[in-house]
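Each step along the sequence shown adds one to the number in full-length UniProt numbering, with nothing skipped, and position 232 is 232.
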Amino acid sequence: MSDCSGKVFNEINYRTLISWNSMIGGFSKMGCCEKAFLLFVEMRDVGVKPDNSTFVSLLSVCSQICNLELGKFVHSYIEVNGVKADIYVHNALVDMYAKCWDLETAQAIFDRMEDRNVVSWTTMVTAYAKSGLIHSAKRFFDQMPLRNVKGCFNEALELFFSMCDSKFVPNETTLVSVISACCQLGDLAMGKKIHDYISNNYVLCDVTLYNALVDMYAKCGSVETAFAIFLDMPEKNVVSWNVMIGALALHGDGSKAVELFEQMEADAQRWEDMKRIRKLMQQHGITKGSGISSIESNIDNGSIMRRSPEA
């Protein structure tokens, strides 16, 4: 904050809450803890009641210099004076305690929060990760609602890779979330990094994870890669087909989209044939053996011909 700003503030005859918060916030951003708190004391002495913005600034500077004692003072002031703290104050409290290595209190405040956003979750995950408590960090990350991940794509990706550096092992749900973030950002390079992570660490992909990769490559413009992954999928569901057909159509390959749609219909019919044959065999008490395996193989190859009702 410039000396000019301080001079202007000192010359103001009637200082509003906004002007006090502006000065305290400025000192907070500069890490000037003593000046911020001196202004806070002066503010109270002249009868100006602090608000949530004031407390966020004070807690922020406590976090920067890791001053737990002053942070606890602010927390106590908030509770003693019955301040209706908003989500920003709660996040600032969690952040202050976490950065001052009081994870137990940070966790307790987080647990009591009625509303949480991506900042709330990432603060806790980062705190546990930096403390070397990777399992706790992973638990928080996996519990983070997808709506929060979607709200801050860049933060979610940054958090994911920082945790991977700490030997964090993500599960399929976590990977789907971060791949979806890449998809929404249109960040193909980042998406490839996550795909490489999956390949290099021999992550076992389920159909949902495969679908997320296909969707990410398709929406980032790499339709050929999306199609290659689609073809390699050991199992496909309706979402798989819809994502790939939609991608082909969107990128102007209408003929291949129609061809794939027809193949989807044929595969669906073969699956229905399979279910009908299995049901029929169960009704006749036939157990699965070499015979049924041969029949299933023929169906998979499309070589079973359905007889007409008259036959």
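No residue lacks a Cβ here, since even glycine has one placed at the ideal position from N, Cα and C.
Because the structure is a prediction, the values reported are computed rather than measured.
C-beta atoms of Tyr97 and Asn52 nearer than 9 Å: By one-based count along the sequence shown, residue 97 stands at place 97. By one-based count along the sequence shown, residue 52 stands at place 52. For Tyr97 and Asn52, no; Cβs fall outside 9 Å.
DSSP-derived helix/strand/coil call for Asn52: Within the sequence shown, residue 52 is the residue found at index 52, counting from 1. Asn52: helix per DSSP, three-state reduction.
Helix, strand or coil for Gly82? Go by DSSP, reduced to three states. For the purposes of this step, residue 82 is identified with residue 82 of the sequence shown, where counting begins at 1. DSSP places Gly82 in coil when its eight states are reduced to three.
If you drop the 5 nearest sequence neighbours on each side, which residues of the same chain put their C-beta closer than 6 Å to that of Ser57? The count along the sequence shown starts at 1 and reaches residue 57 at position 57. These residues qualify, in order along the chain: Ile24, Gly25 and Ser28.
When burial is assigned at 16 or more other CB atoms within 10 Å of the CB, is Thr16 buried or exposed? By 1-based counting over the sequence shown, the position of residue 16 is 16. Thr16 comes out exposed.
Quick one: Cα of Phe40 to Cα of Glu79, how far? Counted from its first residue, the sequence shown places residue 40 at position 40. Counted from its first residue, the sequence shown places residue 79 at position 79. Computed Cα separation, rounded: 17 Å.
What did DSSP end up calling Ser199 once you bin it into helix, strand or coil? Here residue 199 corresponds to residue number 199 of the sequence shown, with the count starting at 1. Correct three-state label for Ser199: helix.
With distances taken between CB atoms, is the gap from Asn91 to Thr123 smaller than 9 Å? In the sequence shown, residue 91 corresponds to position 91, counting from 1. In the sequence shown, residue 123 corresponds to position 123, counting from 1. Their beta carbons are under 9 Å apart, which means Asn91 touches Thr123 by this criterion.
Distance, Val61 Cα to Cys32 Cα: Walking along the sequence shown from the start, residue 32 turns up at place 32. Walking along the sequence shown from the start, residue 61 turns up at place 61. So the two alpha carbons sit approximately 7 Å from each other.
Got a sec: is the Cβ-Cβ distance from Val119 to anything in chain D below 9 Å? Protein chains in the displayed structure number just one, and chain D is not present.
Contacts around Asp206, its chain only, beta-carbon distance under 7 Å, and the 5 residues preceding and following it disregarded: Within the sequence shown, numbered from 1, the residue matching residue 206 stands at position 206. These residues qualify, in order along the chain: Glu172.
Looking at the structure shown, is Lys138 part of a helix, part of a strand, or coil, going by DSSP? Taking the first residue of the sequence shown as position 1, residue 138 is located at position 138. Looking at Lys138 - three-state DSSP - the assignment turns out to be helix.
Just tell me which of Gly82, Arg116, Ser136 and Val83 has its CA closest to the CA of Leu103. Taking the sequence shown and counting its residues from 1, one reaches residue 103 at position 103. Considering only alpha carbons, the answer is Ser136.
Buried versus exposed, by CB contacts within 10 Å (16 or more), Cys66: Taking the sequence shown and counting its residues from 1, the one referred to as residue 66 is at position 66. Flag for Cys66 reads exposed.
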